[in-house]
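Enquirer: Count along the sequence shown from 1, add 239, and you get the number used in the numbering used here.
Don't be surprised by glycine CBs; every beta carbon is placed ideally from N, CA and C.
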Amino acid sequence: MIETRNILLIGRTGNGKSALANVISGTSKFKESEFVNSETKDVQIEIVDIDGINYKIVDTVGLGDTELTMQQVLNKLADASHVLRKGLSQVLFVTSGRFTEEELIAFDLLRTVLFDENIVNYTTIVRTKFPGFLKPEKCAEDKKRMENDKRTEVVKLCNKFIHVNNLSEDEDPEQKARENSRIILRTLLRTCQDVYKPKNLDEMNERIRGYMTEKEKMIKEMEELRNKGQLSEEELRKHQKKIESLEKEIASKVAQPVQEKNPGFFEKVGAWVGEGFTLAGEGIDKVLENLLIQPIKRCKIM
240 MIETRNILLI GRTGNGKSAL ANVISGTSKF KESEFVNSET KDVQIEIVDI
290 DGINYKIVDT VGLGDTELTM QQVLNKLADA SHVLRKGLSQ VLFVTSGRFT
340 EEELIAFDLL RTVLFDENIV NYTTIVRTKF PGFLKPEKCA EDKKRMENDK
390 RTEVVKLCNK FIHVNNLSED EDPEQKAREN SRIILRTLLR TCQDVYKPKN
440 LDEMNERIRG YMTEKEKMIK EMEELRNKGQ LSEEELRKHQ KKIESLEKEI
490 ASKVAQPVQE KNPGFFEKVG AWVGEGFTLA GEGIDKVLEN LLIQPIKRCK
540 IM
């Protein structure tokens with residue numbers, strides 16, 4: 240039986256996360272974008288064979304996408320949880336040199352919802368777009384600069400730190416930088432042999448299993464009707480309405496452990512629902528009615 244190792248990619252739009260996935264896989268299957276709005280609107284999965292081992296590359300939604308609502312972000316976390324239900328070998332936290340508030344909030348969500356404090360032992364910071372990535376002294380200087388930023392304690396906590404330069408074909412026609420970066424990344428992946436499957440991951444999948452199964456069923460039915468040319472506007476609306484209802488329930492299930500395990504988390508990002516927001520005495524279901532429809536671009540740590 241061929242061994243499969245799950246690799247989760249996270250990072251803000253524009254950091255080169257999808258480009259990094261293409262560098263690892265040696266393909267162009269992951270959509271890349273130079274613009275602010277992310278090309279990665281859904282979780283994308285590709286399996287890459289490296290030395291006889293299958294690496295399942297899971298590319299999450301581009302964190303920091305201003306078009307996404309909190310409900311969509313929580314659903315993407317649910318998607319990742321469902322895909323990674325058997326555990327993972329490594330998280331690649333992709334950055335172009337400076338972590339934003341949104342990225343740090345998202346990592347905190349991952350730690351709280353899907354994983355636990357030990358996630359840092361299975362996380363590698365991948366610094367992209369670094370021209371001096373083949374020069375150890377330049378890499379050391381850059382890492383030290385990021386460690387000295389008081390806001391990025393995560394750099395000191397995470398297990399590993401590597402530098403790459405995932406230039407596009409227009410920027411590097413011979414693709415030498417990508418090839419050298421691929422060697423660095425694949426060397427890293429070969430060392431990621433342990434499977435990390437914390438209790439939180441099992442608990443989350445238990446919470447959302449029924450909803451995710453029903454959602455997958457509805458999407459499959461919709462695709463089958465479309466392929467047969469039988470997807471009428473009425474059928475489309477019916478399926479979309481059901482999926483929207485399921486996604487709202489899923490988001491609620493994902494949000495609940497955040498509040499339970501990290502009280503005050505949503506208050507920190509209170510700009511999602513307005514100034515002075517608090518969960519106290521209101522009940523999370525009621526609060527989510529407002530919270531989940533607000534665009535992420537209003538998020539700001541208070």
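Which same chain residues, not among the five before or five after LYS492, have their C-beta less than 6 Å away from its C-beta?
Expert: Counting only Cβ-Cβ distances below 6 Å, and skipping sequence neighbours, we find ARG446, ILE447.
Enquirer: List in chain order: all unbroken alpha helix (DSSP H) runs of 4+ residues lying wholly within the stretch 290-371.
Expert: List check, alpha helix (DSSP H) in window: 309-322, 340-352.
Enquirer: If you drop the 5 nearest sequence neighbours on each side, which residues of the same chain put their C-beta closer than 6 Å to that of LYS395?
Expert: So the list reads GLU386, once near-sequence residues are dropped.
Enquirer: Are at least three pairs of beta-carbons, each pair with one atom in the stretch 454-461 and one in the stretch 477-485, less than 8 Å apart?
Expert: Yes, the stretch 454-461 touches the stretch 477-485.
Enquirer: Please report the residue range of the alpha helix (DSSP H) in which LEU485 lies.
Expert: Residues 472-500.
Enquirer: Judging by CA-CA distance, which residue of ARG366, SER335, VAL330, THR367 is the nearest neighbour of ARG350?
Expert: Nearest C-alpha to ARG350: VAL330.
Enquirer: Consult DSSP for LYS399 and reduce its assignment to one of helix, strand or coil.
Expert: Looking at LYS399 - three-state DSSP - the assignment turns out to be strand.
Enquirer: Could you check the C-alpha separation between SER543 and ARG251 for me, to the nearest Å?
Expert: Any property of residue 543 remains undetermined from this structure, which presents the chain solely from 240 to 541.
Enquirer: Quick one, which of GLU392, SER267, PRO496 has its alpha-carbon nearest ILE284's?
Expert: Ranking the options by Cα distance to ILE284, first place goes to SER267.
Enquirer: Is LEU464 helix, strand or coil by DSSP?
Expert: LEU464: helix per DSSP, three-state reduction.
Enquirer: The beta strand (DSSP E) with THR243 in it runs from where to where?
Expert: First-last of the beta strand (DSSP E) with THR243: 243-250.
Enquirer: Check whether the stretch 432-439 and the stretch 410-420 are in contact - that is, three or more C-beta pairs closer than 8 Å.
Expert: With a cut-off of 8 Å, the stretch 410-420 and the stretch 432-439 do not count as touching, because too few Cβ pairs lie within range.
Enquirer: Quick test of your reading: LEU327 and LEU247, contact by CB under 8 Å. State the CB separation rounded to the nearest angstrom.
Expert: Yes, they are in contact, since the Cβ atoms of LEU327 and LEU247 sit about 5 Å apart, within 8 Å.
Enquirer: Looking at the structure shown, is GLU413 part of a helix, part of a strand, or coil, going by DSSP?
Expert: Three-state DSSP puts GLU413 in coil, outside helix and strand.
Enquirer: At which residues does the alpha helix (DSSP H) containing CYS378 begin and terminate?
Expert: CYS378 -> alpha helix (DSSP H) spans 375-386.
Enquirer: Grouping DSSP H, G and I as helix and E and B as strand, with all else coil, what is VAL434?
Expert: In this structure, VAL434 counts as coil in the three-state DSSP scheme.
Enquirer: State buried or exposed for SER264, treating a residue as buried only when at least 16 other CB atoms are found within 10 Å of its CB.
Expert: With 16 or more Cβ atoms within 10 Å of its Cβ, SER264 is classed as buried.
Enquirer: From the DSSP output, read off the bridge partner residues of ILE284.
Expert: Paired residues: VAL297.
Enquirer: Tell me whether LYS456 sits in a helix, a strand or coil according to DSSP, three-state version.
Expert: Helix, per DSSP.
Enquirer: Using only CA atoms, which one of GLU486, GLN495, ILE241, PRO502 lies nearest to LYS315?
Expert: It is GLU486 whose Cα lies nearest to the Cα of LYS315.
Enquirer: Do you know how far the Cα of VAL393 is from the Cα of PHE516?
Expert: Legend: pLDDT at PHE516 = 32, less than 50; position of this residue unreliable, no value from coordinates given.
Enquirer: What did DSSP end up calling GLY449 once you bin it into helix, strand or coil?
Expert: Here GLY449 sits in helix by DSSP.
Enquirer: Which term fits SER420, buried or exposed, when burial requires 16 or more other beta carbons within 10 angstroms of its beta carbon?
Expert: Classification for SER420: buried.
Enquirer: Skipping 5 residues on each side, what residues in its chain have a beta carbon closer than 6 Å to that of ILE286?
Expert: The residues are ASN293, LYS295.
Enquirer: Under a Cβ-count criterion, where at least 16 other Cβ atoms within 10 Å of its own Cβ denotes burial, should ASN405 be classed as buried or exposed?
Expert: So ASN405 counts as buried.
Enquirer: Does DSSP put ASN444 in a helix, in a strand, or in coil?
Expert: Of the three classes helix, strand and coil, the one that applies to ASN444 here is helix, per DSSP.
Enquirer: Under 8 Å between the Cβ atoms of MET443 and PRO496?
Expert: Contact: yes.
Enquirer: Looking at the structure shown, is LYS268 part of a helix, part of a strand, or coil, going by DSSP?
Expert: The answer is coil: DSSP assigns LYS268 none of H, G, I, E or B.
Enquirer: Please return the same chain residues whose Cβ sits closer than 8 Å to the Cβ of VAL282, not counting the five positions on each side in sequence.
Expert: If we look at VAL282 and ignore the five residues flanking it on each side, its Cβ neighbours are VAL297, ASP298, THR299, VAL300, LYS315, ASP318, ALA319, VAL322.
Enquirer: On the criterion of 16 or more Cβ atoms from any shown chain inside 10 Å, does ARG244 qualify as buried, or is it exposed?
Expert: Burial call: buried.
Enquirer: Since THR334 and ILE364 should fall inside the 8 Å C-beta cutoff, what is the C-beta to C-beta distance between them, to a whole number of angstroms?
Expert: THR334 to ILE364, Cβ: 6 Å. Contact.
Enquirer: Does the distance from the CB of VAL352 to the CB of PHE372 come in under 8 Å?
Expert: No, the pair does not count as a contact, with Cβ atoms beyond the cut-off.
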